[in-house]
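Note sheet for the following structure.
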Amino acid sequence: MPLAPGTSHTSDFAGRSWSEAWTEGRDTPGDCIPPSMVAPPSPPPPPPDPQFVLRGSRSAVHALHFCGGAQGQGHPLLLSGQGRDLRVHVWDLAEGRNAIVDSVCLESVGFCRGSVLACGPQRWMLAMPGKGGDEVQILEMPSKTSVCSLKPEAEARPGMPMCLQLWQADSSPLPLLLAGYEDGSVALWDVSARKVCSRVACHEEPVMGLDFDSQKARGVSGSAEKALAVWSLDEQRALQVHGTHQLTNPGVADVRIRPDRRLLATAGWDHRIRVFHWRTMKPLAVLAFHSAAVHCLAFATDGLLAAGSGDQRISVWSLYPRM
Amino acid sequence: MDPVLSTVRLTVREAVHTLSSSEDGGCIFSTLGSLKRYLGETENPALPEEQEEFARIHFSTFLRCLVGKLSPDWLELLPDGQLEELWASFFLEGPADQAFLVLMEAIEGAASPSFRLMKMARLLARFLSAGRMAAVMEGQCRQQTEPAFSLLQETLLSKVVGLPDHLGNRLQRENLAGFFPQNYFPLLGEELLQALQVVVESLRGGLDCSVSFLSQVLGKACVHGRQKELLGVLVPRLTALTQGSCLWQRVCWRLVERVPDRAMEAVLTGLVEAASGPEVLSWLLGNLVMKSKKAQFVMTQKLLFLQYRYTTPVLRSLLGYLAMDSQRRPLLIQALKELLETWGSSSAIRRAPLAQQHYISKAILVCLAHLGEAELQDCRDELLASLMAGVQSHLDSSLPSVRRLGMIVAEVASAQIHPEGPPLRFQYEEDELTRELLALATPQPAADSPSEAGPPVAPLTAETPNEEMVSSGGPQAQPEGSDSELDSDDEFVPYDMSGDTELRSSKAPVYVRDCVEALTTSENWERWEATLRALEGLIFRSPAATQEVSVELAKVLLHLEEKTGVAGFEGLRQRALVAVTVTDPVRVAEYLTTQFYALNYSLRQRMDILDVLTLAAQELSRPGRRQKPPQRGPPGPGPQPGSPATPAWRAVVEERIRSKTRRVSKGSAGQGPAADPNKFNSVAGYFFFPLIQLFDRPLVTFDLLGDDQLVLGRLVHTLGALMYLSVNTMVAVPMGKALLEFVWALRFHGDIYVRQGLLSAVSSVLLSVPAERLLADLPDELLEAQSWLADVAQKDPDEDCRTLAIKALLLLEKLRDKLLPPPPP
Numbered sequence: 001m002p003l004a005p006g007t008s009h010t011s012d013f014a015g016r017s018w019s020e021a022w023t024e025g026r027d028t029p030g031d032c033i034p035p036s037m038v039a040p041p042s043p044p045p046p047p048p049d050p051q052f053v054l055r056g057s058r059s060a061v062h063a064l065h066f067c068g069g070a071q072g073q074g075h076p077l078l079l080s081g082q083g084r085d086l087r088v089h090v091w092d093l094a095e096g097r098n099a100i101v102d103s104v105c106l107e108s109v110g111f112c113r114g115s116v117l118a119c120g121p122q123r124w125m126l127a128m129p130g131k132g133g134d135e136v137q138i139l140e141m142p143s144k145t146s147v148c149s150l151k152p153e154a155e156a157r158p159g160m161p162m163c164l165q166l167w168q169a170d171s172s173p174l175p176l177l178l179a180g181y182e183d184g185s186v187a188l189w190d191v192s193a194r195k196v197c198s199r200v201a202c203h204e205e206p207v208m209g210l211d212f213d214s215q216k217a218r219g220v221s222g223s224a225e226k227a228l229a230v231w232s233l234d235e236q237r238a239l240q241v242h243g244t245h246q247l248t249n250p251g252v253a254d255v256r257i258r259p260d261r262r263l264l265a266t267a268g269w270d271h272r273i274r275v276f277h278w279r280t281m282k283p284l285a286v287l288a289f290h291s292a293a294v295h296c297l298a299f300a301t302d303g304l305l306a307a308g309s310g311d312q313r314i315s316v317w318s319l320y321p322r323m
Numbered sequence: 001m002d003p004v005l006s007t008v009r010l011t012v013r014e015a016v017h018t019l020s021s022s023e024d025g026g027c028i029f030s031t032l033g034s035l036k037r038y039l040g041e042t043e044n045p046a047l048p049e050e051q052e053e054f055a056r057i058h059f060s061t062f063l064r065c066l067v068g069k070l071s072p073d074w075l076e077l078l079p080d081g082q083l084e085e086l087w088a089s090f091f092l093e094g095p096a097d098q099a100f101l102v103l104m105e106a107i108e109g110a111a112s113p114s115f116r117l118m119k120m121a122r123l124l125a126r127f128l129s130a131g132r133m134a135a136v137m138e139g140q141c142r143q144q145t146e147p148a149f150s151l152l153q154e155t156l157l158s159k160v161v162g163l164p165d166h167l168g169n170r171l172q173r174e175n176l177a178g179f180f181p182q183n184y185f186p187l188l189g190e191e192l193l194q195a196l197q198v199v200v201e202s203l204r205g206g207l208d209c210s211v212s213f214l215s216q217v218l219g220k221a222c223v224h225g226r227q228k229e230l231l232g233v234l235v236p237r238l239t240a241l242t243q244g245s246c247l248w249q250r251v252c253w254r255l256v257e258r259v260p261d262r263a264m265e266a267v268l269t270g271l272v273e274a275a276s277g278p279e280v281l282s283w284l285l286g287n288l289v290m291k292s293k294k295a296q297f298v299m300t301q302k303l304l305f306l307q308y309r310y311t312t313p314v315l316r317s318l319l320g321y322l323a324m325d326s327q328r329r330p331l332l333i334q335a336l337k338e339l340l341e342t343w344g345s346s347s348a349i350r351r352a353p354l355a356q357q358h359y360i361s362k363a364i365l366v367c368l369a370h371l372g373e374a375e376l377q378d379c380r381d382e383l384l385a386s387l388m389a390g391v392q393s394h395l396d397s398s399l400p401s402v403r404r405l406g407m408i409v410a411e412v413a414s415a416q417i418h419p420e421g422p423p424l425r426f427q428y429e430e431d432e433l434t435r436e437l438l439a440l441a442t443p444q445p446a447a448d449s450p451s452e453a454g455p456p457v458a459p460l461t462a463e464t465p466n467e468e469m470v471s472s473g474g475p476q477a478q479p480e481g482s483d484s485e486l487d488s489d490d491e492f493v494p495y496d497m498s499g500d501t502e503l504r505s506s507k508a509p510v511y512v513r514d515c516v517e518a519l520t521t522s523e524n525w526e527r528w529e530a531t532l533r534a535l536e537g538l539i540f541r542s543p544a545a546t547q548e549v550s551v552e553l554a555k556v557l558l559h560l561e562e563k564t565g566v567a568g569f570e571g572l573r574q575r576a577l578v579a580v581t582v583t584d585p586v587r588v589a590e591y592l593t594t595q596f597y598a599l600n601y602s603l604r605q606r607m608d609i610l611d612v613l614t615l616a617a618q619e620l621s622r623p624g625r626r627q628k629p630p631q632r633g634p635p636g637p638g639p640q641p642g643s644p645a646t647p648a649w650r651a652v653v654e655e656r657i658r659s660k661t662r663r664v665s666k667g668s669a670g671q672g673p674a675a676d677p678n679k680f681n682s683v684a685g686y687f688f689f690p691l692i693q694l695f696d697r698p699l700v701t702f703d704l705l706g707d708d709q710l711v712l713g714r715l716v717h718t719l720g721a722l723m724y725l726s727v728n729t730m731v732a733v734p735m736g737k738a739l740l741e742f743v744w745a746l747r748f749h750g751d752i753y754v755r756q757g758l759l760s761a762v763s764s765v766l767l768s769v770p771a772e773r774l775l776a777d778l779p780d781e782l783l784e785a786q787s788w789l790a791d792v793a794q795k796d797p798d799e800d801c802r803t804l805a806i807k808a809l810l811l812l813e814k815l816r817d818k819l820l821p822p823p824p825p
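Quick mapping for you: the protein sequence lines, in order, are chains A and B. Per UniProt numbering: the first sequence ends with 323, consecutive numbering throughout. Per UniProt numbering: the second sequence ends with 825, consecutive numbering throughout.
In structure tokens form, the structure reads like this:
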């Protein structure tokens with residue numbers, strides 16, 4: 001199971017050999033339980049250490065993605081988030097290759113990461129910020145044909161989109177898009193109808209990251225302020241804020257729900273990764289390892305957590321392994 | 001002569017004769033039986049006038065004769081105690097007052113331990129348990145007081161109330177439980193109630209009655225200090241009875257009204273303490289305070305100003321009682337005026353015990369809670385004037401608790417007296433006392449507490465894990481089972497999250513020299529704060545570098561002002577100053593002591609100087625201080641992998657070694673602190689003498705002997721502490737001499753805090769200066785100090801001062817014992 005870090009804003013590392021990143025890696029991370037996990041329940045065990053650390057990216061890490069090698073989808077696709085070159089690259093990672101096969105030109109410069117949704121064999125839908133500052137553009141890949149561009153109503157003025165997530169409800173194949181905006185609101189778009197289903201103000205500051213649990217219809221978003229917002233989607237596709245959860249330090253760069261929907265991890269500007277119980281939002285751990293802001297998080301399907309930080313390191317953690 | 005009367009006289013005379021002469025049991029029995037007719041209650045009672053005649057004239061004579069006959073042989077003339085039963089029945093069934101008097105007389109007359117005494121005592125116990133005491137009192141209520149009766153009543157009264165004393169004296173160790181005061185007075189209470197019941201009944205029946213005997217009994221028992229026993233029974237019952245009945249209320253008012261003036265105070269204090277609330281007092285007392293001057297004096301002066309031992313509920317019911325009736329309310333206003341005047345008098349603040357000041361403050365708050373705005377308006381100027389004077393003098397006090405009292409009362413009172421003015425707000429720490437006082441200001445539990453702090457934005461409440469919400473929402477229906485499977489997540493054990501503190505971005509300087517610059521010039525507040533936090537550790541890590549800039553650094557720190565609301569600023573600054581002083585004691589102490597008497601410092605800064613000197617001296621004199629690592633530094637940037645596990649690992653290994661090792665001899669496991677020269681020895685003089693020299697020279701802005709007595713108090717305490725810390729140093733003797741002279745000069749200072757400091761300074765001289773040197777070098781000073789201490793121990797109004805003086809005297813005593821050679825055996 002290879003781990004593929006995304007590009008950074010500071011350097012384009014296409015063509016660099018990634019063998020140097022595996023200095024401390026182990027082949028089967030999932031079978032190793034950190035010693036702190038077998039400690040008795042009280043007093044609280046000391047915070048765990050990372051399972052291993054990947055060094056050598058030589059620049060801040062801004063996006064991470066675990067590539068499932070066993071998906072049998074031909075060559076896996078990695079969207080790299082746009083670099084400063086205003087391009088989104090399509091990479092070929094099959095059989096250890098790392099070559100750019102295609103790229104899409106962007107029309108805006110921002111911090112927003114794109115989002116990818118698999119629509120069928122060898123077909124993906126890509127959401128990325130579009131032109132005009134407040135639009136979201138939907139492309140079909142790999143043909144790069146523009147499906148539509150989602151422009152908020154003129155009087156809404158939500159600002160730039162800051163984070164995007166494409167998803168499909170189990171009941172209907174129509175793709176939906178959750179977008180966090182600069183004014184702190186989260187909006188749900190019906191992509192095929194090109195309209196906003198619902199929009200709710202979650203934060204006072206720009207939304208920096210969001211994730212959505214489609215089974216529980218519950219999502220979480222983090223912003224530049226000191227709080228996480230938990231919101232839910234009801235049957236009328238209306239977003240409702242459920243509550244907020246205060247943090248010690250302001251600034252959340254990314255939030256991720258573990259694929260088994262039991263844990264939530266947040267990447268903090270305060271260099272720390274926070275782990276919560278997703279259902280109860282009970283804080284479980286504060287992982288202080290990095291020496292710069294944590295920019296991105298990724299969960300593997302087996303529960304492994306990776307975090308990329310401005311200190312040019314990627315830490316990999318194994319917390320509360322799945323039973 | 002009336003034939004009836006002569007018949008009775010004849011019969012009684014014959015009976016007395018038979019009793020005194022006859023040895024025949026049957027004859028005596030029948031004689032007594034024939035006399036029993038006169039008591040009524042037999043098959044063929046005597047005529048009423050015969051009964052009355054017997055009771056009035058012959059009964060007590062006859063009883064005395066019966067008492068005279070009492071002996072073991074006489075009682076055994078008939079079997080089965082028949083005679084004794086008949087004998088006793090005369091006492092128990094005849095007129096109660098005479099029987100009681102004869103009984104008491106017989107008990108007093110009987111030889112000390114004797115058959116007769118015990119018999120009579122048992123009979124008296126039976127008399128009491130049969131409820132005859134009520135009959136005694138009832139009898140007195142029926143009779144209209146005639147002059148002839150007053151002597152009898154007087155005797156009866158003293159016997160009724162003094163019964164436990166008399167019996168205790170006579171019976172000594174044989175005393176019966178029923179005569180113990182703790183048993184007798186509750187019984188008396190019950191009997192009093194019975195008598196009152198009869199009075200009420202007969203008033204209902206239209207008969208005149210007088211309760212004055214009952215009032216006298218009540219008064220006398222209370223004067224004897226039996227309020228608790230008597231009123232503990234009486235008041236709850238009376239409360240229940242008076243609640244529903246006007247007649248009972250009137251009887252009760254009358255009862256208290258007729259209490260003699262000299263007993264009024266005892267009765268009223270007992271009632272106020274026993275009553276459970278103002279309503280009860282109102283039912284029991286009525287408008288007594290308006291009718292009786294004495295009662296008014298007790299209720300509005302004595303209980304408020306002269307005594308202060310009563311609890312808050314007592315105070316509440318007392319003042320509540322005054323407030324309940326429109327006739328009594330002027331008294332409450334008057335009381336408030338006087339209370340405020342006393343509260344505000346600066347002489348009272350200086351001389352009255354703290355407990356009394358609390359009491360008066362409480363009374364003021366309760367009064368204010370009862371008085372309405374309109375009533376306060378009438379005398380507003382007067383009240384405000386005393387209030388303002390009082391606040392001023394309270395805030396001037398050097399005792400924190402007095403200052404706090406001033407603040408609380410001022411806040412509450414100004415809000416009440418002058419509601420339209422700007423509200424007065426002080427900052428004081430909350431504790432039990434302040435909460436109690438503030439609770440007094442709001443008599444009824446206020447239900448309205450508008451939540452002004454509601455969030456102005458969307459009501460985002462903290463999320464509660466709600467099963468329903470989690471599973472209900474969502475556009476996609478899902479199998480129910482999936483959630484229940486997820487519910488088993490509770491075994492997720494949280495990790496230790498104590499390290500999750502606020503992130504500080506700015507880097508602190510690494511060199512002490514940089515700190516000076518960072519603290520003075522930095523516009524970067526984060527750096528300023530980080531510097532302040534890191535400073536103490538830096539100083540301890542690099543003493544040599546600190547010494548180069550020590551005075552400069554001390555100067556910067558002394559003048560440092562809190563600009564950005566740093567949490568714990570005072571503590572950080574103080575610790576840094578102490579660290580500088582400890583690192584370079586001579587120069588920094590010289591600097592600080594000169595600054596203490598310099599111009600243009602605030603009192604706060606001067607007191608800081610004193611605190612720092614004390615703490616630094618303490619640090620210097622602590623043995624083995626080099627071993628101690630400096631204060632725990634700020635948490636490191638990140639945990640070193642594996643490091644948290646080390647202590648646990650070491651403990652396990654050591655435990656294992658201990659369990660496997662056998663020691664031949666068990667010495668003390670941990671060695672004591674290593675011997676170390678006292679670092680304070682060489683520098684104590686630099687701390688002490690500059691401080692003590694200049695205290696009597698006033699500056700323009702700083703007058704220790706005048707207004708700035710708070711600083712003087714701190715100075716005295718500091719000098720005492722320095723003296724104490726220089727134990728075992730060479731300089732202790734001259735220091736002790738100087739300090740005793742200093743104490744002598746200030747010994748009559750009016751401020752309690754200063755006096756406390758002086759007393760503890762004397763104690764520390766006694767502790768620190770070696771005994772031989774003390775006696776050789778300072779004998780006169782010691783003698784003077786001793787007489788002063790003895791004086792303070794007896795007369796000082798402040799309790800702490802008295803205690804301190806006694807402690808110092810004890811030390812002096814111990815010193816003398818040590819010096820005197822043990823007496824030869």
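All residues carry an ideal CB built from backbone N, CA and C; glycine is no exception. What you are looking at is a predicted structure, and each value in this text was computed from that prediction instead of being measured.
Check: Burial state of aspartate 584/B, where buried means 16 or more other Cβ atoms lie within 10 Å; Outcome: buried
Check: Residues that leucine 809/B bridges to, as DSSP identifies them; Outcome: Per DSSP, none; premise fails for leucine 809/B.
Check: Contacting residues, own chain, Cβ-Cβ under 6 Å from aspartate 170/A (five flanking each side not counted); Outcome: none
Check: Residues within the segment 189 to 208 of chain B neighbouring chain A, beta-carbon criterion of under 7 Å; Outcome: none
Check: Spatial neighbours of tryptophan 124/A in its chain, beta-carbon cut-off 6 Å, leaving aside the 5 residues before and after; Outcome: Val116, Ala118 and Met141
Check: Option nearest serine 129/B by Cα separation, candidates Leu577/B, Glu138/B, Leu188/B and Thr520/B; Outcome: Leu188/B
Check: C-beta contact flag for valine 186/A and serine 221/A at 7 Å; Outcome: yes
Check: Inter-residue spacing [alpha-carbon to alpha-carbon] between valine 314/B and tyrosine 359/B; Outcome: 11 Å
Check: Pairwise C-alpha distance: proline 494/B and serine 232/A; Outcome: 25 Å
Check: Any chain B beta carbon closer than 7 Å to histidine 203/A; Outcome: no
Check: Closest residue to alanine 319/A among Ser309/A, Gln312/A and Ala285/A (Cα-Cα distance); Outcome: It should be noted that the sequence gives leucine, not alanine, for residue 319/A. Checking every option, the nearest Cα to that of leucine 319/A belongs to Ala285/A.
Check: As assigned by DSSP and simplified to three states, the class of glutamine 73/A; Outcome: Below a pLDDT of 50, predicted positions are generally treated as unreliable, and glutamine 73/A, at 40, falls in that range; no measurement from the model is reported.
Check: Whether valine 289/B touches arginine 254/B by CB criterion (7 Å); Outcome: no
Check: As assigned by DSSP and simplified to three states, the class of phenylalanine 66/A; Outcome: strand
Check: Residue range of the unbroken alpha helix (DSSP H) whose run includes threonine 593/B; Outcome: 585 to 596
Check: Inter-residue spacing [alpha-carbon to alpha-carbon] between leucine 106/A and serine 198/A; Outcome: 27 Å
Check: Of the listed residues Gly159/A, Pro129/A and Leu174/A, nearest to aspartate 183/A (C-alpha basis); Outcome: Gly159/A
Check: Nearest to glutamate 265/B (by Cα), restricted to the options Cys515/B, Gln249/B, Met299/B and Ala121/B; Outcome: Met299/B
Check: Straight-line Cα distance separating arginine 256/A from valine 109/A; Outcome: 24 Å
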